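Q:
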Amino acid sequence: MKKLILLMTLFSLSTLLWAQRKVEIVEPVQQDVVETGKVIKRKVAIGRFSNETQYAKGIFYDKENDPMGKQALDILSAKLAASGKFMLLERGDLEKLLEEAKKSDNGVATIGADYMIIGSITEFGRKDTGKSGVFSNVKTQTVEAAVAIRLVDVSTGLIIYSDEGKGSAELTTKTTMGVGGRAGYDATLSDKAISEAIGQLVENIINKCTNKPWRSYFLAYDSDTQLISGGASQGIKAGDVFNVKIKGKKVKNPQTGVMIELPGKVIGSVTVVDTAGDTPETEYSYVSFTGNGVNINADILADYIIEEIK
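If you want my numbering, it's the 1-based position in the sequence shown plus 481.
1) Is G528 helix, strand or coil when you go by DSSP?
2) So I790 and N724 are supposed to be a Cβ contact under 8 Å. How far apart are they, rounded?
3) Compute the Euclidean distance between the alpha carbons of V775 and D705, then round it to the nearest angstrom.
4) Tell me, to the nearest whole angstrom, how far the beta carbon of T756 is from that of G712; I am working on the premise that it is less than 8 Å.
5) What span of residues does the beta strand (DSSP E) with Q622 cover, start to end?
6) Going by alpha carbons, who is nearest to D634 out of K620, G606, T669 and P694?
7) Beta-carbon separation of T534 and F605 under 8 Å?
8) With distances taken Cα to Cα, identify the nearest neighbour of I630 among P548, L700 and T603.
9) Which residue comes first and which comes last in the beta strand (DSSP E) that contains N724?
10) Spatial neighbours of L743 within its chain, please: CB distance less than 7 Å, with the 5 preceding and 5 following residues excluded, ordered by chain position.
11) Whole angstroms is fine: what's the gap from R529's alpha carbon to T656's?
12) Whose C-beta lies closer than 7 Å to the C-beta of A779 among residues of the same chain, with five residues either side of it excluded?
13) Given a cut-off of 8 Å on the beta-carbon distance, is the pair V624 and A678 in contact?
14) Quick check: the Cα distance between I709 and K718, rounded to an integer number of angstroms?
15) Using C-beta distances below 8 Å, list every residue in its chain close to K551, excluding the 5 sequence neighbours before and after it, in chain order.
16) Identify the residues that DSSP records as bridge partners of M568: which are they?
17) Roughly how many angstroms lie between the CA atoms of D784 and Y698, to the nearest whole one?
18) Under the assumption that V683 contacts L569 (Cβ atoms under 8 Å), give the Cβ distance between them as a whole number of angstroms.
19) Taking the runs of the beta strand (DSSP E) that are 3 residues or longer, which of them lie wholly in the stretch 677–709?
20) Quick check on this structure: which residue in V520, I748 and G680 has the alpha carbon closest to the alpha carbon of I648?
21) Tell me, to the nearest whole angstrom, how far the beta carbon of K524 is from that of P735; I am working on the premise that it is less than 8 Å.
22) If you compare alpha carbons, which of T737, C690, S671 and L700 is closest to Y536?
23) Grouping DSSP H, G and I as helix and E and B as strand, with all else coil, what is T669?
24) Rounding to the nearest angstrom, what Cα-Cα distance links V722 and Y642 in this structure?
25) Suppose you measure from the CA of K522 to the CA of I640; what does that come to, to the nearest Å?
26) Under DSSP, the beta strand (DSSP E) around A713 begins and ends at which residues?
27) Hey, how far is the Cα of A559 from the Cα of T637?
28) Please work out which residues of its chain come closer than 7 Å, Cβ to Cβ, to A594, disregarding the five sequence neighbours upstream and downstream, and give them in chain order.
29) Run through the DSSP bridge pairs and tell me what G606 is partnered with.
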């Protein structure tokens, strides 16, 4: 009976102390928000992603529907989209698009992208290793993959970045005295290895695409209407200001035979008034031109470049 009374007394005392305890409310610490510069999304087309290895290529292999190639394309698309700096335009038929670009003075107008990515899986393999003892067994599944990427500037047709990334993934299981985990063929290891290989290249792709100022072109220019390509989905909004440059002279490099465009001259600026268009490929912006003593010649609109101010 005494023990029961003692326990009840202790319980009542602890309840009273808990009720009298002062509760301190901690105000959340307000962190400084770091302002980042405006980013205009680049239009990037993924031309193709092929499987150049011999893995899973049997008698009935269909090159146009290779699962590994599509898998790599999806992983690359997801990683680029997650950066928030790109509008992705998938382009399945690369050869036809490049043929169209050759017929045009401005490849961007035909393909609809600033850059094109061409990729391939160059290495892929699986292996099982393990150790067997008297009382225990260890088994490790390993997948290794290598991915090659080429980044092409559509306006010039030049490869501005080329590299290869390698990745691996493994799964280990162990049993002791017949007790422990067992694993058969794990298909997710392929995803992880390819994803790791592509992940090594994504940062460089982002840097290469964003280091160069964003460019656009006049679509129409007269006293009533002044339009440039690009719109809201790229992050362009009313009030944005861009430089207007006249293209520089083109000269041929005698060593490589490649035509080189010399730096253009800034002749004024345009201010975005409004944006319109239904899709990323058909978007445009209304602008107002302010010249540095120079007027726009509507007969040679292809010679003018609208460029981001950096």
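All C-beta atoms, glycine included, are put in the ideal place defined by N, C-alpha and C.
Predicted, not measured: the structure shown is a model, and the values here were computed from it.
A: Let me spell this out:
1) It is a strand residue.
2) 6 Å
3) Distance between the alpha carbons of V775 and D705: 18 Å.
4) The beta-carbon distance between T756 and G712, rounded to whole angstroms, is 4 Å. This is short enough to meet the 8 Å contact definition.
5) S617 to D634
6) P694
7) In this structure, F605 lies closer than 8 Å to T534 by Cβ.
8) T603
9) V722 to I727
10) G729, K730 and V732
11) 44 Å
12) Contacts found: Y702 and D703.
13) no
14) Computed Cα separation, rounded: 13 Å.
15) F530
16) DSSP, once it has assigned bridges, lists K524 as partnering M568.
17) Roughly 9 Å separates the two Cα atoms.
18) At roughly 13 Å, the Cβ-Cβ gap does not stay under 8 Å, so V683 and L569 are not in contact.
19) 699–702
20) Strictly speaking, residue 648 in this sequence is Gly, with Ile absent from that position. Comparing Cα positions, the closest option is G680.
21) That belief does not hold up - the Cβ atoms of K524 and P735 are roughly 33 Å apart, past 8 Å.
22) Ranking T737, C690, S671 and L700 by Cα distance to Y536 puts S671 first.
23) Note: T669 maps to helix in three-state DSSP.
24) 29 Å
25) Whole-angstrom Cα-Cα distance: 20 Å.
26) Careful: A713 lies outside any beta strand (DSSP E) and carries neither H nor E.
27) 27 Å
28) K524, V525, A526, L570 and V635
29) Per DSSP, E625.
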